[in-house]
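Letter by letter, the sequence shown follows residues -19 to -1, 1 to 457 of mature numbering (1 follows the signal peptide of the UniProt record, and there is no 0).
The structure appears below as structure tokens.
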Amino acid sequence: MKTLLFSLVMLGAILSCSGQRVADMTCGVDGGAITGTKDWEGEFFPNISYIKYEGPSSHNPLAYKYYNADEVILGKKMKDWLRFSVAFWHTFRGDGGDPFGSATKMWPWDDGSNSLAVAARRMRANFEFLKKLGVEKWCFHDRDIAPEGSTLEESNANLDYIASIAEKLQEGTNIRPLWGTAQLFKHPRFMHGAATSPDVRVYAYAAAQVKKAIEVTKRLGGENYVFWGGREGYQTLLNTDLKKELDHMASFLHSAAEYKKKLGFQGNLLLEPKPQEPTKHQYDWDAATTMGFLKNYGLSEEYKLNLECNHATLSGHSCHHELETARINGMLGSVDANTGDAQTGWDTDQFLTDVSEATLVMLSVIKNGGLAPGGFNFDAKLRRESVDVEDLFIAHISGMDTIARGLRNAAKLLEEGRLTKLVEDRYASFNSPLGKLIEEGKVGFEELEKHALEAGEPPIVSGKQELAEMIFYSYV
Ligand code: XUL
Ligand code: CO
């Protein structure tokens, strides 16, 4: 009976998909769709096989042209340099809805409900997707993977149930979460913030939620835990006690670090900067602000940064700038790999396709010796108009190939050393006895004045920016 029902549903779906596209259903690559049955056990991507490396001359959209997982570059396999991760929320919960329009996608694993049964199907879809892509990491918020219940106890039980399904699915595989996090921004209780809410009851609720999310991340073998300050900021200073909110945020992060130790969770704790959106001013504005905050409150030993490229551009920096700022301070933890739109002023979360940007990013990552235990998480979503399941694969393949090209380019650029030499030459005067004394902190203003009087006017020396750009772009 069930089989007959399923066949009828499938037939209906195929008929609808082969005709005009329907608004409430997203077609699979075969033009069919899987809808209606919650306990369906088959494949979600039946017409997509394991994605292989075919090399740069391939025109196959479902193949890697630059990402060759086991190829060794600068002594390390590409997969170990890159440690790619799929973001559960965008890939399995993204429905294409925006403030002007309703959902455009109804994925094969979904029925539009927020039931536990559908949550379980989404988790199976996640593992099929990861295996077919050849990606071993994924990231999640607690509420993406399991529905919020009517009480905290019920939400925790839902999360435990879905975690047990994920645990079973990861058995015998190397698939593990790159990081987990708690969603502390969607529910109305968090509208004034979570750790920075003026209401102590909300602060406590958020703490309970983070406690559980760290436990689940540990249970699944996750390697990091991320704090993105969803609504930790303000809309107006007129109703805000700035000092209290920052103090509270620091207390919250101290408690999280203490609990991590008590639990025996070995992963890194990471803060993810973002300057605005959803609040007008987010406290973790950018890498420098966040590091300053951590230092002020004695937290820099406990936390590193998860840097997102689109957040970098929103704060008026390049992704490269943010990575370098964190790297030189030993704070580069992980990267949310995405990009914005040059003509759009908000967080568009697009897949990275700019090879120059990827090359700059990889220069920092190589100089950092890699990102492990961090990685590259695709915090990126399909455009509203991209509604085929194969678009999910194409988007990730394109993002992975872009970063893989960046790795190849950056490795060559560093190996050949032309840019490194240009930079070294620029600072060569600091190799002089005077330069050494300055760098060792052994010379003060009086000696420097004496030197300036004796040496006379310093020469005017070129910065060689155009040459640096010429060299850089010859590797892209
Ligand atoms: C929001 C954002 C989040 C975090 C995780 O802009 O980037 O998805 O990465 O909460
Ligand atoms: Co992010």
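Just so it is clear, CB atoms sit at the ideal spot from N, CA and C, and this is done for glycine as well.
All figures in this text were calculated on a predicted structure; none of them were measured in a lab.
When secondary structure is reduced to three states using DSSP, Phe121 falls in the strand class. Its chain contains Ala144, Ala147, Glu148, Gln151, Arg157, Pro158, Gly161 as the residues whose beta carbon lies nearer than 8 Å to that of Leu201, once the 5 sequence neighbours on both sides are disregarded; these appear in chain order.
Residue pairing for His262: DSSP places it in a beta bridge opposite Tyr215. Under the criterion of beta carbons closer than 8 Å, Trp70 and Asp125 qualify as touching, at roughly 4 Å. Burial is judged here by how many other beta carbons sit within 10 angstroms of a residue's own beta carbon; Pro256 has at least 16 and is buried. Scanning the segment 18 to 63 from its first residue to its last, the whole alpha helix (DSSP H) runs of 4-plus residues come out as 59 to 63.
In the structure shown, Trp209 falls within a strand segment according to DSSP collapsed to helix, strand and coil. Note on geometry: alpha-carbon atoms of Ser296 and Leu434 lie some 42 Å from one another. If you look at Arg399, you'll find it isn't in any beta strand (DSSP E); it sits in the alpha helix (DSSP H) that goes 399 to 407. Under DSSP, Arg157 shares a beta bridge with Lys118.
Any heavy atom of the ligand CO counts here; residues with a Cβ closer than 5 Å to one of them, in chain order, are Glu289, Asp317, Asp360.
A buried status is given to Ser345, since no fewer than 16 other beta-carbon atoms sit within 10 Å of its beta-carbon.
Nearest to Phe208 by C-alpha distance, out of Glu366, Glu129, Ser315, is Ser315.
Asp317 has Glu289, Asn358 as its beta-bridge partners, per DSSP. Around the beta carbon of Gln331, 16 or more other beta carbons sit within 10 angstroms, so the residue counts as buried. By the neighbour-count criterion, in which a residue is buried when 16 or more other Cβ atoms sit within 10 angstroms of its Cβ, Lys86 is buried. The criterion of a C-beta distance shorter than 7 Å is not satisfied by Leu275 and Leu288. Inter-segment contact for the segment 60 to 74 and the segment 106 to 118 is present: three or more beta-carbon pairs are separated by less than 8 Å. Out of Lys402, Lys348, Ser83, Ile384, the CA that lies nearest to the CA of Phe359 is found in Ile384. At least one heavy atom of the ligand XUL sits closer than 6 Å to the Cβ of Glu253. Counting the other CB atoms within 10 Å of its CB gives Arg182 a total below 16, which places it among the exposed residues. Residue burial is scored here from C-beta neighbours: Ile441 has fewer than 16 other C-beta atoms within 10 angstroms and is therefore classed as exposed. Short of 6 Å from the beta carbon of Thr306, and not among the five residues preceding or following it, lie these beta carbons of its own chain, in chain order: Ala268, Ala269. Between Pro254 and Thr271, the C-beta gap is smaller than 7 Å, which places the two residues in contact. When C-beta atoms of the segment 375 to 395 are compared with those of the segment 423 to 437, fewer than three pairs fall below 8 Å, so the two segments do not count as touching.
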